[in-house]
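*Asks:* According to this note's numbering, the residues represented by the sequence shown are 188 to 447, in order. Built from N, CA and C at the ideal position, the CB exists for glycine as well.
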Amino acid sequence: MSLKDKVAMVTGAASGIGRECALHMAKEGAAIVIADLNLDGANSVAREIEAMGGKAIGVSMDVTNEDQVNAGIEEAVAKLGSIDVLVSNAGIQIVHPIEEFPFADWKKMLSIHLDGAFLTTQAAIKHMYASGRGGSIIYMGSVHSHEASKLKSAYVTAKHGLLGLARVVAKEGAERNVRSYVVCPGFVKTPLVEKQIPEQAKSLGISEEEVVKNVMLGQTADGIFTTTDDVASVVTFLAGFPTAALTGQSFIVSHGWYMQ
Ligand code: NAD
């Protein structure tokens, strides 16, 4: 088990990609901290992991709130002993054409994706340095860390920003054995994407079937959605990767939608 004796925190793990990352890393032996706005959901994933024979706790956390982030990390370290892996995954989507994008929505998007990544990194990395064990910090980027789409100015800006943060963490963290990565999924059918299908159909004036076939999957090699399992497998591999050989890199998991 590649993550035996490690503690991994996943933000936004009550649902979707984060939940799958938590389950995969638990199978590899990590104790898991499920940090989410939705505490009931987080506790329910923790119970799933315990039912598989693993160890997990749910923690209530809004990743945009500095006090809640710091308290959540302290609670995790107090209960489980360390933080060795951080998966900064919590995220939302809001789509509008630029000329209609409400400034409040723009700020909300940047806050969840970028402030959340910064605050959780700052709180976790202090423990990774202090323990002398180092660790891995994995940001949930997107194909939109490398590519643009209409209506997604805030999301594309935020996801590109994570590449910069990860590269700085790679440089600052290397001396103390902290590695960083960005995992960049294509479209994965989670609640976040289900919500976008009717919204995009309306904004683009096309049917929901056309949104899926042409907008979401049109550029893939095989015409199928990326799965939570695809993404969690890559995250788990990176979480357990033992050296800094891959630090600072992004990994695109998109069924050939975007090839670097
Ligand atoms: P999801 O909606 O299934 O899950 C998101 C989780 O984040 C929820 O449990 C929600 O409660 C939590 N969350 C939202 N705001 C939060 C906050 N402020 N603090 C703490 N938790 C919060 O979404 P998902 O599709 O699993 O997306 C997870 C990540 O993957 C996001 O960063 C998203 O941008 C990224 N991503 C998703 C796709 C996709 O196609 N689904 C593709 C590329 C990247």
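Helix, strand or coil for Y326 per DSSP?
*Replies:* strand
*Asks:* Could you tell me if the beta carbon of F374 falls within a distance shorter than 6 Å of some heavy atom in the ligand FMN?
*Replies:* The ligand FMN is not part of the structure shown, which contains the ligand NAD as its ligands.
*Asks:* Give the secondary structure of V194 by DSSP, where H, G and I count as helix, E and B as strand, and everything else as coil.
*Replies:* Correct three-state label for V194: strand.
*Asks:* Would A345 pass as a contact of M296 if the rule is Cβ separation under 7 Å?
*Replies:* In this structure, M296 lies closer than 7 Å to A345 by Cβ.
*Asks:* Under the assumption that V274 contacts I312 (Cβ atoms under 8 Å), give the Cβ distance between them as a whole number of angstroms.
*Replies:* Not a contact, Cβ separation roughly 14 Å.
*Asks:* Can you name the start and end residues of the beta strand (DSSP E) that I219 belongs to?
*Replies:* A218 to D223
*Asks:* Look up T414 in the DSSP assignment and say whether it is helix, strand or coil.
*Replies:* coil
*Asks:* At which residues does the alpha helix (DSSP H) containing R320 begin and terminate?
*Replies:* Careful: R320 lies outside any alpha helix (DSSP H) and carries neither H nor E.
*Asks:* Can you tell me whether G373 is helix, strand or coil according to DSSP?
*Replies:* G373 carries a coil assignment under DSSP once its states are collapsed to helix, strand and coil.
*Asks:* Is DSSP giving G443 helix, strand or coil here?
*Replies:* Per DSSP, reduced to three states, the secondary structure at G443 is coil, with no helix or strand assignment.
*Asks:* Compute the Euclidean distance between the alpha carbons of S189 and P429, then round it to the nearest angstrom.
*Replies:* 9 Å
*Asks:* For the beta strand (DSSP E) that contains S247, what are its first and last residues?
*Replies:* A243 to S247
*Asks:* Whole alpha helix (DSSP H) runs in the stretch 257-343 with 4 or more residues, listed along the chain?
*Replies:* Counting only runs of 4 or more, we get 290-297 and 303-318.
*Asks:* Taking the alpha helix (DSSP H) that N230 falls in, what are its first and last residues?
*Replies:* Under the DSSP assignment, N230 falls in the alpha helix (DSSP H) whose first and last residues are L226 to A238.
*Asks:* When we look at the beta-carbon of E207 and count the other beta-carbons within 10 Å, is it buried (16 or more) or exposed?
*Replies:* buried
*Asks:* Is the beta carbon of V274 within less than 6 Å of some heavy atom of the ligand NAD?
*Replies:* no
*Asks:* My understanding is that L350 touches S441, with C-beta atoms under 8 Å, so please give their C-beta distance in whole angstroms.
*Replies:* Actually they are not in contact, since the Cβ atoms of L350 and S441 sit about 15 Å apart, beyond 8 Å.
*Asks:* Tell me whether the beta-carbon of M212 lies closer than 7 Å to the beta-carbon of A408.
*Replies:* no
*Asks:* How should Q447 be labelled, buried or exposed, when 16 other C-beta atoms within 10 angstroms of its C-beta is the threshold for buried?
*Replies:* The residue is exposed, with fewer than 16 neighbouring Cβ atoms inside 10 Å.
*Asks:* Quick one: using the 10 Å Cβ neighbour count with 16 as the cut-off for buried, is F374 buried or exposed?
*Replies:* buried
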